[in-house]
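Counting from 1 along the sequence shown, just add 1241 to a position and that's the residue number in our numbering. Backbone N, C-alpha and C define an ideal beta-carbon position, used for all residues, glycine too.
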Amino acid sequence: MGVKVENLDHLGIVAGIIDDLGIVEQIDAAVGTAAQSKVSPGQAVKAMILNGLGFVSAPLYLYGKFFEGKAAGHLLGEGITGEMLNDDLLGRVLDRLWRYGVSELFSVIAMRAFQVFGLAPVSYHLDSTSLSVQGQYRAKSEAAEEEPVEEQGEGREEPKPEVSPEGGEESEPAVIEITYGYSRDHRPDLKQFMMDVICSGDGGVPLMLNLGDGNQSDTAVFSQRIAAFRKQWSVEGLFVSDSALYSEENLQALRGLQWLTRVPLRLKAAQEAVSNLSIDAFQGSQTKGYRFATLCSDYGQVQQRWVVFESAVSRQQDLKLLDKQVKKAEAEANRQAKQLSQIEFACAEDAHQAGEQCGKTWRYHQVESVSVTEKAHYPKRGRPKPDEQPQRLSCHATITLTLDTVAVATAQRKAGRFILATNNLDEQALSADDLLKFYKQQLYSERGWRFLKDPLFFTSSVFLKTPRRIMALAMVMTLALMVYTLAERRLRQALHNTQQTVPDQKNKPTQTPTLRWIFQCFQSIHLLWLDEQKLISNLKSFHLQVLALLGPSCQKYYSLP
């Protein structure tokens, strides 16, 4: 009697969501398949997503190792083994994805997700991040000769060039430049590229992906990203972004759209708003721990509403930080004052003026008084004789400093305050509490970046030899994020709709579990081959409950005759 055991774990859930999205079929239809290939491009991408959501670090050339002991044929298609998923195959697939256009292909799949999963967002959230890469990459001007996109070989078909409506061959997609820039990862020593993503406010599902050069400025491209997304998707809603969107040029470009963004405090008007508003100007918010005050603004010649929020938690944190800053500033001011007292001046006027100027750079302190003393210098060291005349006289400034109570009070008023701006002036249609709720949903994007940069995710693979393949892999990474967020959204919605709960990490009932926790609970589920018959082991009532909530596509990988 032959027995074989293969690991299934949570990968059946991932495979089921991929099937619902139709990723395999859409990619195969878009980039084509080779007649002699045993693994289609869509199946290869499915394997990459399974690897990315397998929560182990395995670069491209270890994909075969990742699928060792796993039910590769069961998940990917009968007859497919880990050995087939070699780096040559995956590299060629990445080349094909790039040639089609990674942003365009991602949009096709995202539109399918929008329909199949019934997304109904009223807000869309734009954010960006940098991804660092290992290795040396040439500048665009130096990369005139790159290796061909696809190598020819036995059993491979040359993809036919795209043809434009005018009859000529369509130009290839643009290639990003891997270069140095401002690093969100605090790795200025590494080259990088930029990723811009628009997520739905309904579950944080990524709907748009754009890749940019490593030194790309968010302020320069954010309004273009929003305008292009709205044109392509033909959607209406509130577009939310961080302060990178807030500039005169971008606000002008966004006329006709509803937007919400944070106002950068580097603006003089913003500084005055958070510094000068008294406590009496604020009113209570329905959101616990917040107060707000509403102002009008025409920054960039665009009529808009500014809402200054004050967070109780942030205020306490900022006040503690302010106390530390004041003490540090006092120590630095005393150091400078002592240093100044040792400097020799030719006259009392120069010494007094230097003492007054010393306090100009102090942030929380000021010069209370300056006293000038004369010091006699004799040609010999030691006590001078009674009738000995000094060789010269020098003047020294002694500073008495005091706390600048006005500056400290201003900083205390600013503590915990930030400004949200919107061009929707109707407080009934979009209240201050609504603005805060929508802006807090911006955390979806930030959570997505943490997800992509997790050491257990396959961003460790971003050391590919060409920017083209890096672009394609970035799309696959974002597809994995889409699969993750859609599965988590579906599970939470089903729990809410059916009034069910599942135990969390502390064994307490919850309707909002993280999908990562669910994945951990699915460890040690195996596919058994018993005389050519498939069986699933270790399925318990909890697993069956979760699978029923996720739907038939996920159930089929675990519910076998």
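Can you tell me whether residue i is helix, strand or coil according to DSSP?
{"i": "Tyr1531", "result": "strand"}
{"i": "Glu1410", "result": "In this prediction, Glu1410 scores a pLDDT of 47, lower than 50, which makes its location untrustworthy; the coordinate-derived value is nonetheless stated afterwards. The answer is strand: DSSP assigns Glu1410 an E or B state."}
{"i": "Pro1389", "result": "Any reading at Pro1389 needs caution, since the residue's pLDDT is 47, under 50, leaving its predicted position unreliable; the model's value is listed next. In this structure, Pro1389 counts as coil in the three-state DSSP scheme."}
{"i": "Arg1622", "result": "coil"}
{"i": "Val1543", "result": "coil"}
{"i": "Ser1794", "result": "helix"}
{"i": "Trp1603", "result": "coil"}
{"i": "Lys1568", "result": "helix"}
{"i": "Ser1814", "result": "Nothing about residue 1814 can be reported from this structure: the residues present for the chain run from 1242 to 1802 only."}
{"i": "Leu1666", "result": "coil"}
{"i": "Gln1499", "result": "strand"}
{"i": "His1315", "result": "helix"}
{"i": "His1767", "result": "strand"}
{"i": "Phe1586", "result": "strand"}
{"i": "Ser1344", "result": "helix"}
{"i": "Asn1456", "result": "coil"}
{"i": "Arg1507", "result": "coil"}
{"i": "Tyr1378", "result": "coil"}
{"i": "Lys1306", "result": "helix"}
{"i": "Ser1610", "result": "strand"}
{"i": "Thr1646", "result": "helix"}
{"i": "Ser1778", "result": "strand"}
What does a CB cutoff of less than 6 Å around residue i pick up in its chain, not counting 5 residues either side in sequence?
{"i": "Phe1760", "result": "His1251"}
{"i": "Arg1337", "result": "Val1272 and Pro1282"}
{"i": "Val1743", "result": "Pro1754"}
{"i": "Asp1483", "result": "Arg1503"}
{"i": "Asn1456", "result": "Thr1420 and Gly1422"}
{"i": "Tyr1534", "result": "The question names Tyr, yet the displayed sequence has Ala at residue 1534. Counting only Cβ-Cβ distances below 6 Å, and skipping sequence neighbours, we find Leu1518, Ala1522, Phe1523 and Val1549."}
{"i": "Lys1626", "result": "none"}
{"i": "Ala1385", "result": "Confidence at Ala1385 is low in this model, with a pLDDT of 47, below 50, so its placement is unreliable and the value that follows should be read with caution. Excluding sequence neighbours, Ala1385 sits near nothing in its chain."}
{"i": "Gly1657", "result": "Glu1551, Ser1552, Ser1555, Arg1556 and Asp1559"}
In its own chain, which residues sit with a C-beta less than 7 Å from the C-beta of residue i, not counting the 5 before and 5 after it?
{"i": "Leu1666", "result": "Gln1544 and Arg1546"}
{"i": "Glu1266", "result": "Gly1283"}
{"i": "Leu1581", "result": "Ala1595, Gly1596, Cys1599, Ala1638 and Ile1640"}
{"i": "Ser1369", "result": "Met1435, Met1436, Asp1437 and Asp1459"}
{"i": "Gly1541", "result": "Glu1489, Leu1492 and Gln1493"}
{"i": "Arg1471", "result": "Leu1498"}
{"i": "Lys1568", "result": "none"}
{"i": "Ala1617", "result": "Pro1631 and Leu1634"}
{"i": "Asn1451", "result": "Ser1344, Asp1437 and Arg1466"}
Check each candidate in the options and name the one with the smallest Cα separation from residue i.
{"i": "Gly1359", "options": "Asp1443, Tyr1798, Leu1790 and Pro1793", "result": "Asp1443"}
{"i": "Thr1614", "options": "Glu1571, Ser1635 and Gln1630", "result": "Ser1635"}
{"i": "Val1548", "options": "Pro1505, Trp1474, Lys1568 and Glu1585", "result": "Pro1505"}
{"i": "Arg1466", "options": "Ala1494, Leu1562 and Gly1445", "result": "Ala1494"}
{"i": "Pro1750", "options": "Val1349, Arg1733, Phe1763 and Ile1766", "result": "Arg1733"}
{"i": "Val1809", "options": "Gly1689, Phe1763 and Ala1514", "result": "Because the chain in this structure spans residues 1242 to 1802, residue 1809 falls outside the shown range and cannot be described."}
{"i": "Glu1551", "options": "Asp1564, Ala1514, Ala1587 and Lys1626", "result": "Ala1514"}
{"i": "Arg1353", "options": "Ile1268, Gly1318, Gly1295 and Leu1294", "result": "Ile1268"}
{"i": "Arg1507", "options": "Leu1367, Ala1275, Phe1659 and Tyr1378", "result": "Phe1659"}
{"i": "Pro1362", "options": "Arg1556, Gln1682 and Arg1710", "result": "Gln1682"}
{"i": "Cys1762", "options": "Gly1657, Gln1669, Asn1779 and Ala1735", "result": "Asn1779"}
{"i": "Ala1574", "options": "Tyr1680, Glu1609 and Leu1671", "result": "Glu1609"}
For residue i versus residue j, is the C-beta distance shorter than 8 Å?
{"i": "Gln1527", "j": "Asp1674", "result": "yes"}
{"i": "Gln1566", "j": "Cys1599", "result": "no"}
{"i": "Val1286", "j": "Val1717", "result": "yes"}
{"i": "Ser1371", "j": "Gly1422", "result": "yes"}
{"i": "Leu1262", "j": "Val1357", "result": "yes"}
{"i": "Phe1355", "j": "Leu1448", "result": "yes"}
{"i": "Leu1560", "j": "Gln1653", "result": "yes"}
{"i": "Gln1607", "j": "Leu1642", "result": "yes"}
{"i": "Arg1340", "j": "Glu1413", "result": "yes"}
{"i": "Gly1310", "j": "Glu1247", "result": "yes"}
{"i": "Thr1726", "j": "Gly1445", "result": "yes"}
{"i": "Phe1463", "j": "Leu1486", "result": "yes"}
{"i": "Ala1570", "j": "Tyr1619", "result": "no"}
{"i": "Leu1720", "j": "Ile1350", "result": "yes"}
{"i": "Ile1766", "j": "Leu1249", "result": "yes"}
{"i": "Ser1516", "j": "Lys1601", "result": "no"}
{"i": "Val1280", "j": "Arg1709", "result": "no"}
{"i": "Ile1259", "j": "Val1724", "result": "yes"}
May I ask you to check if the CB of residue i is nearer than 7 Å to at least one heavy atom of the ligand NAP?
{"i": "Val1515", "result": "The model depicted lacks the ligand NAP and carries no ligand whatsoever."}
How many whole angstroms separate the CB atoms of residue i and residue j, which I take to be in contact at a CB cut-off of 8 Å?
{"i": "Ala1804", "j": "Leu1791", "result": "The structure shown has nothing for residue 1804, since the chain only spans 1242 to 1802."}
{"i": "Leu1722", "j": "Leu1693", "result": "6 Å"}
{"i": "Gly1323", "j": "Ala1313", "result": "5 Å"}
Could you pull out every residue in the same chain whose Cβ sits closer than 8 Å to the Cβ of residue i, ignoring the five residues on either side in sequence?
{"i": "His1737", "result": "Gln1752"}
{"i": "Glu1629", "result": "Tyr1619"}
{"i": "Val1481", "result": "Ser1364, Tyr1365, His1366, Leu1367, Gly1442, Trp1500, Leu1501, Thr1502, Phe1679, Tyr1680, Gln1682 and Gln1683"}
If you measure from the beta carbon of residue i to each beta carbon in chain B, is any gap under 8 Å?
{"i": "Lys1561", "result": "The structure shown contains no chain B; it holds only a single protein chain."}
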